[in-house]
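Data block below; observations after.
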Amino acid sequence: MIKTTLKILFPIALLIGSFFFIRWMISNKPQPKTRPSWTVSPVVEVAELEAVSHTLSVRSEGNVRPRIETTLVTQIGGRIVELSDKLVDGAHFAEGDVLIRIEATDYEIAVQAAEATASQRARQLEEQQLLAKRAKIDIRIIAADVTQAQLALTQEQARAGQALRDWDRMGREGQPGDLVLRKPQLAAARAAVDAAQARQEQKTLDLELADARIATARAALAAAEAEFAKRRLDLTRTTVVAPYNGRVLEQLVDHGRYLGPGSALAQVYPTDAIEVRLSCSARDLAAMDLPAKPAVTLTSPGDGLRWQARIERSEGRMDTHTRQLVLIARVRSVREERPLQIGEYVEATIRGRTIHDVYVIPREAVRPGNEILLIDSENRLRRETINLCWSDAEAVITDSALPAGHRLVLTALSIASDGTTVQVKGEEPLRNKAKRRGKRKPGSRASSPHGGGHGRP
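Taking our numbering, I'd label the letters of the sequence shown as residues 167 to 623.
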């Protein structure tokens, strides 16, 4: 009976004891040490924000072309007897260099013949001038003869009158005879006057004819001199010289070839007048001050060489398909070590207007929707939507009023909310600063450099 009772009570007592033991263990278990929890903050790179004056730049590209392209032609005909090495494709030449000589024998003979003709015409003019001079002298002599004949006639008329008065005074009857009245002498005197006047008129006509012949001789001399000048000019044209400092695009003739007037010799261009056509959109044009002829830097993509140029003008109209206007940049000087090649592709950077009180934001810092991220002095994020004044491949320009004391976040964050705390790369985390500040509570005293224990009052 007793064994049976013990068998029943022992398990019950064991269970009750185990329950209270476990409860005691739970109530007296050691408490774990608590530590402050910290969230992991994203690490970002930042940049200071500063309003600046910024000069815009416009990117474009184009091909090099000559401002002037000249076709050298011959103005006379003949065979080429000399061809300069400076007329081959790609050769350089200076103004006044002899490029081609044409056989000049025929032109030299023509000059001599024209000179002889001009001399002959000059002598003929001189002869006519002498004849006119002699006619003037004859006219003066004949004028004296006319005067003398008129005087003789007057004297005869006086004698005839005196004879008639003598006849009447003497009281003779009847009419006096012709001899008494000196009619034969009067007739002879009148005839002499008429003859002298006729000779005078004849010499006057001769003088007028001499003047006409002089005019004809002068015209003939002028024509001969013009022909002489033309022949000399043709002779000088047997030598073709370079019109400017330039370069040969293409040689079109060879030595020994016969040329007719107007034959093309070569395609050339001046090396001090190189241009580049640059296409710009309406947006690009708004960033420039075209009347000021902005500066342009041309860069060769291959070797990185640069040339300075200026916008000289624009083409007459905007392309209706591309909605772009072509600007013409002129290269003022050409690098001697590697001149620009006609047709060469170059990249251009055009200097634009300068705008003030703007912020230059790296393009990688701009999020969709023209949004940027800023952080305040506590490294808390702040999202800002900015107004774009200008943008290119490297940066955007904004005139938005950004808050003072904030810095720009350069690191791309997939998720960014206002107020999120971040860690700035290269700076000590704010939690470490807070932890150091927490180690020293207000009112605590620093330990003695000589060890523990409280100091005596």
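For glycine and all other residues, C-beta sits at the position ideal for the given N, C-alpha and C.
Straight-line CA distance for residue i to residue j?
i, j, result
"Ile-563", "Gly-482", "31 Å"
"Gln-363", "Val-312", "6 Å"
"Ala-385", "Asp-372", "20 Å"
"Glu-235", "Glu-441", "11 Å"
"Ile-581", "Asn-229", "46 Å"
"Ala-260", "Tyr-410", "6 Å"
"Arg-231", "Val-434", "12 Å"
"Arg-423", "Ile-266", "11 Å"
"Lys-369", "Glu-292", "19 Å"
"Ser-445", "Ile-527", "27 Å"
"Arg-397", "Val-406", "16 Å"
"Leu-547", "Val-218", "24 Å"
"Arg-331", "Leu-375", "50 Å"
"Leu-451", "Ser-583", "39 Å"
"Pro-177", "Phe-187", "15 Å"
"His-421", "Leu-415", "18 Å"
"Thr-488", "Ser-480", "16 Å"
"Gly-183", "Met-191", "12 Å"
"Met-484", "Ile-494", "13 Å"
"Leu-401", "Leu-249", "17 Å"
"Thr-240", "Leu-399", "13 Å"
"Gln-286", "Arg-348", "58 Å"
"Leu-180", "Ser-193", "20 Å"
"Ala-329", "Ala-318", "16 Å"
So, using beta-carbon positions, are residue i and residue j closer together than 7 Å?
i, j, result
"Glu-510", "Phe-394", "no"
"Val-212", "Val-575", "yes"
"Val-209", "Gln-589", "yes"
"His-220", "Val-462", "no"
"Lys-109", "Arg-476", "Given that the chain is displayed from residue 167 to residue 623, the structure contains no residue 109 and the question cannot be resolved."
"Leu-222", "Gly-518", "yes"
"Asp-251", "Ala-408", "no"
"Leu-238", "Ala-432", "yes"
"Pro-467", "Glu-513", "yes"
"Ala-357", "Glu-322", "no"
"Ile-307", "Gln-366", "no"
"His-255", "Gln-490", "According to the sequence displayed, residue 255 carries Asp and not His. The answer is no: Cβ separation not under 7 Å."
"Thr-587", "Ser-226", "no"
"Arg-413", "His-258", "yes"
"Ala-439", "Arg-233", "yes"
"Glu-269", "Val-247", "yes"
"Val-492", "Arg-443", "yes"
"Ala-383", "Gln-314", "no"
"Ala-326", "Leu-352", "yes"
"Pro-112", "Gly-243", "Residue 112 is absent from the structure shown; the chain starts at 167 and stops at 623."
"Val-224", "Ile-521", "no"
Check residue i in the structure and name its three-state DSSP category.
i, result
"Thr-515", "strand"
"Val-492", "strand"
"Glu-214", "strand"
"Glu-625", "Lying before the first or after the last residue shown, residue 625 is absent from the chain, which here runs from 167 to 623."
"Glu-274", "helix"
"Ser-223", "strand"
"Pro-528", "strand"
"Ser-285", "helix"
"Thr-370", "helix"
"Gly-468", "coil"
"Leu-303", "What sits at residue 303 in the sequence shown is Ile, not Leu. In this structure, Ile-303 counts as helix in the three-state DSSP scheme."
"Ile-188", "helix"
"Arg-348", "coil"
"Glu-260", "Looking at the sequence provided, one finds Ala at residue 260 rather than Glu. Coil."
"Glu-292", "helix"
"Asp-360", "helix"
"Ile-380", "helix"
"Gly-343", "coil"
"Thr-313", "helix"
"Arg-573", "strand"
"Ile-174", "helix"
"Ile-521", "strand"
"Thr-587", "strand"
Since residue i and residue j are thought to touch, with beta carbons under 8 Å apart, how far apart are those beta carbons, to the nearest angstrom?
i, j, result
"Ile-552", "Ile-541", "Contact doesn't hold; Cβ gap of about 16 Å is too wide."
"Ala-276", "Leu-387", "Not a contact, Cβ separation roughly 18 Å."
"Ala-279", "Glu-391", "About 13 Å separates the two Cβ atoms, so there is no contact after all."
"Ile-380", "Gln-316", "Ile-380 to Gln-316, Cβ: 32 Å. No contact."
"Ile-214", "Arg-573", "The question names Ile, yet the displayed sequence has Glu at residue 214. Correct: roughly 6 Å between the Cβ atoms."
"Glu-550", "Leu-579", "Glu-550 to Leu-579, Cβ: 14 Å. No contact."
Name, in chain order, the residues that DSSP records as bridge partners for residue i.
i, result
"Gly-228", "Val-512"
"Gly-244", "Leu-425"
"Glu-537", "Arg-533 and Thr-551"
"Val-406", "Ile-266"
"Val-497", "Ile-440 and Ala-475"
"Ile-563", "Val-526 and Trp-556"
"Val-414", "Val-434"
"Leu-249", "Ile-266"
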